[in-house]
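What follows is a set of notes on a single structure, which appears directly below.
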Amino acid sequence: MSGSARPGFDALFEPEGVLVAGVSTHPGKFGFVSLHNILASGYQGRVFGTSREAGEVLGVPIVASIDELPDGEIDLVFVCTPAPANVDLLRACAKKGIRAAFLASAGYGEAGEEGQRMQSELVALADELGMLVAGPNGQGVVSTPAGLCAQIVAPYPPAGGIAIASQSGNFISSFMNYAVQTGVGVSRAVSAGNAAAVTIPDYLDYYAEDAATRVALAYVEGVPDGRGFFERTQAVATRKPLVLVKGGATAGGQRAAASHTGSLASDDRVFDGMCRQAGITRAATIEEAFEAAATFATQPLPKGNRVVVLTTAGGWGVVTADAIARSSLELTPLPDGLRAALDAKLPPRWSRNNPVDLAGAETRDTIPEVLDLIAGHPEVDAVIYLGLGIQSNQAALMRAGRFYPDHGLQRIVEYHERQDARFAAAAAAASAAYDKPVLTATELAVTHPDNAGPVAVRASGRLCYPSANRAVTALGHLWQHARHRRLHQD
Amino acid sequence: MPTLSEADSKRLLATHGVVFPDERQATTVEGAVDAARAIGHPVVVKLGGAGIAHKTERGLVRLGLIDDAAVADAARVLLAAARPEDGEVHLLVAPMLRGNRELIAGLHHDHQFGMTVMLGVGGILAEAVADAAFRLVPITRRDAAEMIEDLATQKLLGPFRGEPAVDREALAAVLLGLSAAAEAHPAIIAADLNPMIIVDGRPVAVDALVEMAG
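One line per chain: the protein sequences are A and G, in this order.
In terms of the numbering used here, the first sequence has 191 at position 191, counting the first letter as 1, and numbering is strictly consecutive.
In terms of the numbering used here, the second sequence has 524 at position 34, counting the first letter as 1, and numbering is strictly consecutive.
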């Protein structure tokens, strides 16, 4: 199906009313869990339910026949009924004005010949009814602008700019778990299931035009229509960043080939070239994909690849410089003017080059001022800031120790925590002021997520990178995308 | 799957801008000697024909022939090595090109994405090194430039052992030529330019093989 079924997508992601078909009274069944999740996550529209037996579940009146439901008040049906029941069900739904269905039901294309026959029938029915039929055999759909959590699994993520489409429902959960952890949120998420009538590129088409979405994030395994996939994802990537991770990358090895060229052609190498050509940001792992998407969602695109590293201690800067050397980014030599400006602020023991290593020379206002000077310099395209949260980490030890709050400990603890919150805010402010990426990295983001530094990074809406290497990888993806856009638009 | 002879492969790809050395065909020993004189020694002499795909493996390439006698010897041996299943054969006489670097380029039909263009590091270790970049046909000039950037062995493309850096424009032109050939001839299912020797920084394909459907 092509993206021309746009009205159906609006019904899927912004439904006026939702019906759960196949509601169960058993809290372990999908027909209960999906209803629960819709009701528990703040959906403001009306919610209806059908089941073989009329009654009430979670306060929702359950009817035994769709005929009893009001006309024109429901856009989306979430289907948990067995596959053989669904043709009649969807016909009845269409009569009520329902324009989109998400089928969690299994027993289709993944389940032998009879399942495949029913799946073909389902696709034909979707066409006949003009209904958008997502799934089957999928985990559900999430849409934070609509407060919609129509899925048979957790979590419900915070709102944000990442839109997810996945051939594996479990990776929808994985990505959304990262959204919960990092605070970088999600606009839409859909598990494509068997993708019978609506495929990953169809969802990506919608995301490319969706005002709530800043970046699309997809997980794919097989690509049945390779050429079509290329052309459509290329069109998406010219409008928005598209981050993609592919499962089974190493499965297709070289085939016996008569030509030397053929002997060098592995599935993965061809797929990789296709991604580069289409402008797709290909990530090697799930966490790399999420972090790239989170960076696209929360940082401006760099205009060049000249990076300055700001660190409060030497070793971090050295390792980050190594990571930059292995990437497409450049650890830019410190411009003379910037060096002079920093000299005026700092005692003489600072590194006087890039990485800008403060070597413990900072006083109360040093970091906000230095961040502003570096990010504001015209020959700097991006900044990586290391060392946030060290003092708050010490503060946590003091707070937990037996001397607290005496001996001046309360005062210093509060000072450190205020300072780290200030530094995180300063990084976000410098990024916004100069429209440049400023990435903050510290392992405290995962080892001590309650540390005032990472807490303040999350509060600023940005990702606090768990290591400098991962910040470099994410920034590298941003630069590659920015460069591709510029060079391929000629 | 029929393959075109080396000469026909080169003719087809040359019309799309792929650069080959000045080569001549001969059918006799005398003809090969004359051709070698016209090109200038040293030369390479190869046995060509529609049925001959992998010359090196069969010992049908004679390199570094420095005078008439060497050319005549090689031509005699090669003509005698022809097998009945090779069909009609000829001798290909080409200048002996020297360069420390070899690249490989070609066309490959991928089962998922259709026709692709490839650029890789060539030479006898090509398949072990496996440093290669692919794009889907058709490619743009920018795609071609990025294929060159994608090779991991970038040092090989800079100034190397007294030879100048590889002319990236000229290399991109080869890739664009392959893409254009694939577009113009949908029957092509594979092509190899292997090796392309870098001579004074410019890629020169000294062997070509085009495989057609049918």
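By construction, the Cβ of each residue, glycine as well, lies at the ideal position given by its N, Cα and C atoms.
Coil, strand or helix - residue i by DSSP
i: G:M608; result: strand
i: A:I62; result: strand
i: A:G226; result: helix
i: G:E578; result: coil
i: G:R651; result: coil
i: A:F403; result: coil
i: A:A212; result: coil
i: A:P454; result: helix
i: A:H481; result: helix
i: A:S120; result: helix
i: A:C80; result: coil
i: G:P585; result: strand
i: A:R470; result: helix
Neighbour list for residue i in chain G, Cβ cutoff strictly below 8 Å
i: A:T233; result: Within chain G, no residue comes near A:T233; the closest Cβ sits about 12 Å away, beyond 8 Å.
i: A:L242; result: Going along chain G, no residue has its Cβ under 8 Å from A:L242, so there is no contact; the nearest lies around 17 Å.
Chain D contact for residue i (CB, 8 Å cutoff)
i: A:G273; result: This model lacks chain D altogether; the protein chains it does include are A and G.
Assigned exposure category for residue i - 16 Cβ within 10 Å defines buried
i: G:I678; result: buried
i: A:S65; result: exposed
i: G:F603; result: buried
i: G:E701; result: buried
i: G:G610; result: buried
i: A:N170; result: exposed
i: A:E221; result: exposed
i: A:I336; result: For clarity, residue 336 of chain A is Asp in the given sequence; the question names Ile instead. The residue in question, A:D336, is exposed, as its Cβ has fewer than 16 Cβ neighbours within 10 Å.
i: A:E113; result: exposed
i: A:G130; result: exposed
i: G:P654; result: exposed
i: A:G8; result: buried
Separation of residue j from residue i, as counted between CA atoms
i: A:R339; j: A:N353; result: 7 Å
i: A:P201; j: A:A237; result: 11 Å
i: A:S166; j: A:F296; result: 18 Å
i: A:Q44; j: A:G17; result: 9 Å
i: G:L597; j: G:P676; result: 12 Å
i: G:V508; j: G:L668; result: 7 Å
i: A:E379; j: A:V223; result: 42 Å
i: A:S173; j: A:R214; result: 20 Å
i: A:H484; j: A:L242; result: 12 Å
i: A:A432; j: A:S460; result: 11 Å
i: G:L615; j: A:V142; result: 51 Å
i: G:G541; j: A:Q480; result: 46 Å
i: A:Q254; j: G:D697; result: Here the model assigns A:Q254 a pLDDT of 46, short of 50, so the residue's position is not dependable and the matter cannot be decided.
i: A:P70; j: A:E56; result: 17 Å
i: G:R552; j: A:R227; result: 43 Å
i: A:Q119; j: A:G140; result: 18 Å
i: A:A235; j: G:I638; result: 24 Å
i: G:A703; j: A:Y206; result: 39 Å
i: G:K500; j: A:Q489; result: 34 Å
i: A:A251; j: A:L204; result: Any reading at A:A251 must be qualified, since the residue scores a pLDDT of 49, below 50, and its modelled position is unreliable; the value itself is stated next. The alpha-carbon atoms of A:A251 and A:L204 are separated by roughly 25 Å.
Where residue i meets chain A, residues with beta-carbon distance less than 7 Å
i: G:L494; result: Neighbours of G:L494 on chain A: none; closest Cβ ~12 Å, over 7 Å.
i: G:A620; result: L264
Closer than 9 Å at the beta carbon, the chain A residues around residue i
i: G:Q602; result: G222, V223, P224, D225, G226, R227, F229, G252, D267, V270, F271 and M274
i: G:G541; result: Ordered by position in chain A, no residue passes the 9 Å Cβ test against G:G541, which lies about 13 Å from the chain.
i: G:G610; result: H260, T261 and L264
Per-residue contacts from residue i into chain G (C-beta, under 7 Å)
i: A:G262; result: H598 and A680
i: A:Q277; result: R625, L626 and D633
i: A:S327; result: Correct list: empty, because the minimum Cβ distance to chain G is about 14 Å.
Cross-chain neighbours of residue i in chain G, by beta carbon under 9 Å
i: A:L487; result: R632, A635 and E636
Proximal residues of chain A, C-beta to C-beta of residue i below 8 Å
i: G:T606; result: A265, V270 and G273
i: G:I594; result: H260, T261 and L264
i: G:D640; result: G273 and R276
i: G:A616; result: H260 and L264
i: G:L699; result: S259
Contact test: residue i Cβ vs the ligand PLP heavy atom, cutoff 7 Å
i: A:A83; result: For the structure depicted, the ligand PLP is absent and the ligand set is empty, with no information on it obtainable.
Pairs of beta-carbons, one from the segment 577-588 of chain G and one from the segment 509-529 of chain G, closer than 8 Å: are there three or more? Three or more Cβ pairs drawn from the segment 577-588 of chain G and the segment 509-529 of chain G lie within less than 8 Å of each other, which places the two stretches in contact.
Open item on the list: For the pair the segment 562-569 of chain G and the segment 655-673 of chain G, tell me if three or more CB-CB distances fall below 8 Å.
Closed with: No, the segment 562-569 of chain G does not touch the segment 655-673 of chain G.
The segment 151-166 of chain A contacting the segment 34-53 of chain A, beta-carbon criterion three pairs below 8 Å = The segment 151-166 of chain A is in contact with the segment 34-53 of chain A.
- Query: Hey, is the segment 585-592 of chain G in contact with the segment 238-250 of chain A, meaning 3+ C-beta pairs nearer than 8 Å?
  - Reply: For the pair of segments examined, the segment 585-592 of chain G was found not to touch the segment 238-250 of chain A: the number of CB pairs separated by less than 8 Å stays below three.
Should the segment 379-388 of chain A be called in touch with the segment 432-442 of chain A, which here means at least 3 C-beta pairs below 8 Å? Touching, per the Cβ criterion.
Three-pair Cβ contact test at 8 Å for the segment 353-368 of chain A versus the segment 275-283 of chain A: Result no; under three Cβ-Cβ pairs closer than 8 Å.
The segment 102-112 of chain A touching the segment 122-136 of chain A, judged by at least three CB pairs closer than 8 Å
Yes, since at least three Cβ pairs between the segment 102-112 of chain A and the segment 122-136 of chain A fall closer than 8 Å, the two stretches touch.
Notebook entry, point to check: Are there three or more Cβ pairs, one per stretch, closer than 8 Å when the segment 471-478 of chain A is compared with the segment 327-335 of chain A?
Noted result: At 8 Å Cβ cutoff, the stretches touch.
Is it a yes or a no for the segment 310-326 of chain A touching the segment 494-510 of chain G, going by three-plus beta-carbon pairs under 8 Å? Touching, no.
Could you check whether the segment 15-32 of chain A touches the segment 76-83 of chain A, counting it as contact only if at least three pairs of C-beta atoms, one from each stretch, sit closer than 8 Å?
Judged by Cβ distances under 8 Å, the segment 15-32 of chain A makes contact with the segment 76-83 of chain A, as three or more pairs qualify.
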